[in-house]
Structure formats: structure tokens, C-alpha cells
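For the record, the sequence lines run as chains Y and G.
In the numbering used here, each residue carries its 1-based index in the first sequence increased by 143.
In the numbering used here, each residue carries its 1-based index in the second sequence increased by 27.
Note that CB positions come from ideal geometry on N, CA and C, so glycine has one too.
Because the structure is a prediction, the values reported are computed rather than measured.
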Amino acid sequence: MKATVHVTLKNGVLDPQGKAVRNALGALGFDGVKGVRQGKFIELDLVETDPATARENLDAMCRQLLANTVIENYSIEILE
Amino acid sequence: MKAAVIVFPGSNCDRDVKVALEQSIGGPVSMVWHRDTDLPPVDLIVIPGGFSYGDYLRSGAMGAHSPIMKEVAARARRGVPVLGICNGFQILTEAGLLPGVLMPNAGLKFVCKDVYLRIGQANTVFTRLYRPDQVIRLPIAHHDGNYFADAETCKALEDEGRIAMRYCSPDGEITEDANPNGSLGNIAGVLSANRTVLGLMPHPERLAEAALGGADGRAMFDGLVEALAA
């Protein structure tokens with residue numbers, strides 16, 4: 144079973160990289176970009192076949208390693 | 028006094044801190060590989076600077092889960108002093124032994140230079156030979172030293188006297204200009220609630236003898252020896 148995890152910065156946490164990307168886009172002439180927030184996309188290939196158990200495991204993985212919940216949010220998607 | 032330095036793949040200040048500690052202790056310091064699970068009986072544990080696991084995922088995130096860290100956490104809970112320098116500070120926050128997180132520098136650049144620091148808390152085994160509000164000079168060398176914690180945590184750190192030192196101007200003013208990386212409140216080092224765990228971004232081991240161009244870091248190691256030598 145495949146799953147994906149998106150890790151994003153919490154609202155209110157400054158994202159200097161996102162800001163630099165936005166400025167670079169502006170320099171390329173894309174001036175309609177109001178803001179950029181950069182995050183991480185993680186793809187996992189799991190042995191588990193039960194979606195509920197997989198989600199539970201992924202939640203623990205996110206809390207313990209994949210995200211730092213002091214500054215980051217995460218969302219989990221199970222792909223059948 | 029016995030001390031151990033934990034060595035991770037990618038640590039690069041492990042030998043520097045060993046030399047600085049041995050100078051103050053006058054005896055050998057053990058080096059412990061991160062895959063080990065037992066730690067000799069020691070009075071001090073040091074997590075050195077470097078780039079453990081190449082900063083994969085987040086600085087310190089992998090190192091925080093190395094096998095030895097379970098034992099480091101257990102010793103810390105028993106009150107054994109733990110000192111985390113630079114990457115060591117990042118590892119201690121990721122391991123939950125210190126609050127907050129070290130984000131990429133606000134200027135997005137690696138910063139390598141000497142900075143001035145004002146001692147915020149001198150009543151600890153690490154800072155006892157400094158005076159409160161003393162200004163010292165130490166080098167920093169990091170990409171991810173931008174300290175962040177939520178407002179509630181910051182207030183607790185402030186109220187409980189757990190901010191060990193802050194970036195300041197040469198005359199001790201806490202200004203935005205003196206902040207090299209965007210850290211909240213110019214925070215350069217924080218303490219655990221019982222003040223036996225210290226994480227700091229500056230490198231005391233890199234200015235611990237006159238031949239290195241300064242010795243402001245030496246008082247940290249001398250103070251530890253004074254406090255911990257049986």
C-alpha cells in the first residue's frame with residue numbers, strides 16, 4: 144500500500160525559503176504570486192494492507208520523525 | 028571528572044570539544060559512537076557540533092533517534108548534565124530534551140563568524156564562571172540556528188531564567204543588528220527546566236585557549252570541571 148505525507152509550516156512560522164522563491168518568481172516576471180510557502184512531500188511504500196492501521200502508523204511516524212510539530216503540520220493520504 | 032562525547036556520522040567538532048575538555052579536566056575524555064547503546068558512567072555528556080546524517084529531513088532529526096540517545100535521555104532525566112553545541116543543540120531539541128526548534132537562518136546563508144553573547148543565566152554548572160550579563164565572544168558556524176518556540180514556551184523560558192545567553196552588540200545591547208540568524212529574542216542558548224541540559228549554537232570549544240585567538244569559551248569547561256569533579 145502506498146501513502147503520501149505532506150509536511151507544511153504552521154501558520155505564523157516565518158518561511159524565508161518560501162519568501163525567496165516568491166521573490167525569484169517575481170524576478171522572472173510572475174508578478175501575480177502573493178505568497179509562497181514551501182513544504183515537504185514524502186512517499187511511503189507500506190507492507191500494511193489495512194488502511195486504518197496504516198493511517199495510525201503513519202500518524203505515529205509523522206509525530207515521531209517525519210514532522211517537527213513545534214513548527215510543522217502534516218497531512219496523510221492513503222493511496223489504495 | 029569523567030565526560031563522554033557522542034560521535035555521529037557527520038560530527039565534526041567532536042575532537043575539538045574533546046581537546047577543550049581534556050585541557051580543563053587534565054585527563055582523558057571518552058568518545059562514544061552513536062550506535063552504541065551503553066554509556067560508561069560519566070559526570071557530563073556532550074553532543075558535539077557538525078552535520079549528523081547530513082542534516083537529512085531536518086538538522087538533528089536523525090541523530091535524535093540514534094540508539095545512544097535513549098541512554099542520553101535516561102541520564103539527563105537522572106540529572107546528568109548534557110551539553111549540546113550547535114548540531115548538538117539541534118539534536119537535543121529534536122529529541123525533546125530542550126524546547127523549541129532551530130530553523131534555517133532568516134538570511135538563508137551559512138553564517139561563520141565570531142559573535143558577542145550576553146550571559147542570561149550564570150547559576151548553572153555550565154555558566155557558573157561567567158557573571159550575569161557578562162559579554163563574551165564565541166564563534167558561530169551554522170545554517171540552521173534560527174531559534175523558534177511558541178509564545179507560551181518563550182515566556183516560560185524567560186520567566187524561569189532558562190535563556191543561557193543571547194546574541195548582543197560588543198557592548199552588550201540586545202539588538203536586531205546583533206542577531207545573526209533571526210532567533211526569537213536573540214536567543215543563542217537555552218536550558219532545561221532543571222538547568223542541567225544546555226543547548227547553544229555558539230562554539231565554546233573553538234575559543235578555549237589563547238592560541239585559537241581567544242579563550243572566552245574556556246570558563247565553560249573549567250566551570251563544569253569545578254562543579255562536577257568529585
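Expressed to the nearest angstrom, what Euclidean distance is found between the alpha-carbon atoms of residue i and residue j?
{"i": "G/G241", "j": "G/Q148", "result": "22 Å"}
{"i": "G/N208", "j": "G/I112", "result": "16 Å"}
{"i": "G/P94", "j": "G/C139", "result": "31 Å"}
{"i": "G/Y83", "j": "Y/G169", "result": "30 Å"}
{"i": "Y/K153", "j": "G/E49", "result": "43 Å"}
{"i": "G/R189", "j": "G/S210", "result": "15 Å"}
{"i": "G/N213", "j": "G/A246", "result": "22 Å"}
{"i": "G/S86", "j": "G/T120", "result": "10 Å"}
{"i": "Y/F184", "j": "G/V107", "result": "38 Å"}
{"i": "G/D204", "j": "G/S196", "result": "8 Å"}
{"i": "G/P68", "j": "G/L156", "result": "25 Å"}
{"i": "Y/V148", "j": "G/A168", "result": "32 Å"}
{"i": "G/E253", "j": "G/D63", "result": "29 Å"}
{"i": "G/T151", "j": "Y/T151", "result": "37 Å"}
{"i": "G/T154", "j": "G/P231", "result": "11 Å"}
{"i": "G/I72", "j": "G/T180", "result": "25 Å"}
{"i": "G/F248", "j": "Y/C205", "result": "37 Å"}
{"i": "G/H61", "j": "G/R42", "result": "15 Å"}
{"i": "G/K97", "j": "Y/L171", "result": "49 Å"}
{"i": "G/G172", "j": "Y/V179", "result": "22 Å"}
{"i": "Y/N216", "j": "Y/G182", "result": "10 Å"}
{"i": "G/M130", "j": "G/Y174", "result": "6 Å"}
{"i": "G/T223", "j": "G/P36", "result": "26 Å"}
{"i": "G/D141", "j": "Y/E191", "result": "51 Å"}
Considering only their Cβ atoms, is the gap separating residue j from residue i smaller than 8 Å?
{"i": "G/M192", "j": "G/I146", "result": "yes"}
{"i": "G/L234", "j": "G/G244", "result": "yes"}
{"i": "G/D65", "j": "G/M28", "result": "no"}
{"i": "Y/L209", "j": "Y/A146", "result": "no"}
{"i": "G/V34", "j": "G/V56", "result": "no"}
{"i": "G/V128", "j": "Y/I219", "result": "no"}
{"i": "G/C40", "j": "G/G81", "result": "no"}
{"i": "G/R74", "j": "G/V109", "result": "Here the sequence assigns Ile to residue 74 of chain G, which means Arg is not the residue at that position. Yes, Cβ-Cβ distance for G/I74 and G/V109 is below 8 Å."}
{"i": "Y/A197", "j": "Y/L189", "result": "yes"}
{"i": "G/A122", "j": "G/A91", "result": "yes"}
Say whether chain C places a C-beta atom closer than 8 Å to the C-beta of residue i.
{"i": "Y/P159", "result": "Absent from the structure: chain C. Protein chains present are Y and G."}
Of the choices the options, whose alpha-carbon is the least far from that of residue i?
{"i": "Y/R165", "options": "Y/L222, Y/E223, Y/K177", "result": "Y/K177"}
{"i": "Y/P159", "options": "G/P166, G/G76, G/R102, G/G134", "result": "G/G134"}
{"i": "Y/G175", "options": "Y/A167, Y/I219, Y/L222", "result": "Y/A167"}
{"i": "G/L124", "options": "G/M89, G/L218, G/R158", "result": "G/L218"}
{"i": "G/V162", "options": "G/L129, G/E200, G/D177", "result": "G/E200"}
{"i": "Y/N211", "options": "G/A176, G/L251, G/T223", "result": "G/A176"}
{"i": "G/L165", "options": "G/D70, G/G37, G/A237", "result": "G/A237"}
{"i": "G/G216", "options": "G/D249, G/H61, G/P126, G/L156", "result": "G/P126"}
{"i": "G/A47", "options": "G/L255, G/A256, G/L251", "result": "G/L251"}
{"i": "G/N132", "options": "Y/A163, Y/T151, Y/P194, Y/V150", "result": "Y/A163"}
{"i": "G/H170", "options": "G/P229, G/I72, G/I74, G/T223", "result": "G/P229"}
{"i": "G/N221", "options": "G/Y174, G/I72, G/L184, G/V32", "result": "G/L184"}
{"i": "Y/G155", "options": "G/A256, G/E187, G/A178", "result": "G/A178"}
In or out: residue i buried (at least 16 other Cβ within 10 Å) or exposed?
{"i": "G/G115", "result": "buried"}
{"i": "G/A30", "result": "buried"}
{"i": "G/K136", "result": "exposed"}
{"i": "Y/L222", "result": "exposed"}
{"i": "G/K45", "result": "buried"}
{"i": "G/N206", "result": "buried"}
{"i": "Y/F173", "result": "exposed"}
{"i": "Y/L201", "result": "buried"}
{"i": "G/L144", "result": "buried"}
{"i": "G/A88", "result": "buried"}
{"i": "G/A103", "result": "buried"}
What do you reckon, is the C-beta of residue i under 7 Å from a heavy atom of the ligand NAD?
{"i": "G/G240", "result": "As presented, the structure is devoid of all ligands, the ligand NAD included, so that no description of it is given."}
Going along the stretch 159 to 181 of chain G in order, which residues come within less than 9 Å of chain Y, judged by CB to CB distance?
Per Cβ criterion, the list reads N173, F175, A176, D177, T180.
Check each residue of the stretch 204 to 215 of chain Y: if its Cβ is closer than 7 Å to any Cβ of chain G, include it; give the result in chain order.
L208, N211, V213, I214
Residues in the stretch 114 to 148 of chain G with C-beta within 9 Å of chain Y's C-beta atoms, listed in sequence order?
T120, E121, P126, G127, V128, M130, P131, N132, A133, G134, L135
Anything in the stretch 80 to 104 of chain G with a Cβ closer than 8 Å to a Cβ of chain Y? List those residues in chain order, please.
L84, R85, A88, H92
Along the stretch 160 to 171 of chain Y, where does the CB come closer than 8 Å to a CB of chain G? Name the residues.
Q160, A163
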